[in-house]
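Counting in the UniProt record's numbering, the sequence shown runs from 1 upward without gaps. Glycine included, every Cβ here is placed at the ideal spot set by N, Cα and C. Only one structure is covered here, and it is reproduced in the block below.
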Amino acid sequence: MTGKVWLAPVDEQNLESLLSVAVAEAEPDEVMPPVTAPAGWSQARRDAFREFHRASFGGLSGPTGTLMYAVVSDAGVLGVIRMARRDPETVETGIWLGQSARGQGIAATALRLLFVEAAQIGARRVVADTTANNAAALGVLRRAGAVLQSDDSGAVRAEIHLPA
1 MTGKVWLAPV DEQNLESLLS VAVAEAEPDE VMPPVTAPAG WSQARRDAFR EFHRASFGGL
61 SGPTGTLMYA VVSDAGVLGV IRMARRDPET VETGIWLGQS ARGQGIAATA LRLLFVEAAQ
121 IGARRVVADT TANNAAALGV LRRAGAVLQS DDSGAVRAEI HLPA
């Protein structure tokens, strides 16, 4: 990894930069829920991307109960990591990075930074869902100390206990 990495809440100031990274370096289904729209990054998908992220501007106490952070470096916005409260001691997370930011340790750094944020709101546990064929995510989660549980469908649940 080169340069410093930090988290910044997703807001109107960084939303268009985030969309630009998504369009240039990711597929729509990697970065947002499914949308009924023409394939690829159609205008309808771009609008849905904006609305999906704007819905979480209220953070953990907002209507979605989700706080989205832009993953940022000196090079600019690289992707998103999110945190959603599942119970008083548990938050759920997910991350996506643009292609050019993958494989450099940035996801691991972003996850460690999210652990700090989670601990500050009283979380004791972070969970993440992925699939058995997502080797990159599984590697990041294992290195973060996650206990992984898989099922016959290929779904994998990761659980990380935060220090007290």
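Short check: CB of E25 to CB of Q99, under 9 Å?
For the purposes of this step, residue 25 is identified with residue 25 of the sequence shown, where counting begins at 1. For the purposes of this step, residue 99 is identified with residue 99 of the sequence shown, where counting begins at 1. Yes.
Tell me the rounded alpha-carbon separation between A136 and T64.
Within the sequence shown, numbered from 1, the residue matching residue 136 stands at position 136. Within the sequence shown, numbered from 1, the residue matching residue 64 stands at position 64. Going by the C-alpha atoms only, they are around 27 Å apart.
DSSP three-state call for H161: helix, strand or coil?
One-based indexing of the sequence shown puts residue 161 at position 161. Looking at H161 - three-state DSSP - the assignment turns out to be strand.
By how many angstroms is the C-alpha of A123 removed from the C-alpha of P163?
Numbered from its first residue, the sequence shown carries residue 163 at position 163. Numbered from its first residue, the sequence shown carries residue 123 at position 123. P163 and A123: Cα-Cα distance of roughly 10 Å.
Label V147 either buried or exposed according to how many other C-beta atoms from any shown protein chain fall within 10 Å of its C-beta, with 16 as the threshold for buried.
As a working mapping, residue 147 is identified with position 147 in the sequence shown. V147 should be labelled exposed.
If you follow the alpha helix (DSSP H) that A119 is part of, which residue opens it and which one closes it?
Residue mapping note: residue 119 aligns to position 119 of the sequence shown, counting from 1. It spans 106-120 - the alpha helix (DSSP H) in which A119 sits, taken as one unbroken run.
Quick check for students: name the residue ranges of the alpha helix (DSSP H) that lie wholly in the UniProt domain "N-acetyltransferase" (21-164), counting only runs of 4 or more.
28-31, 43-54, 106-120, 135-143
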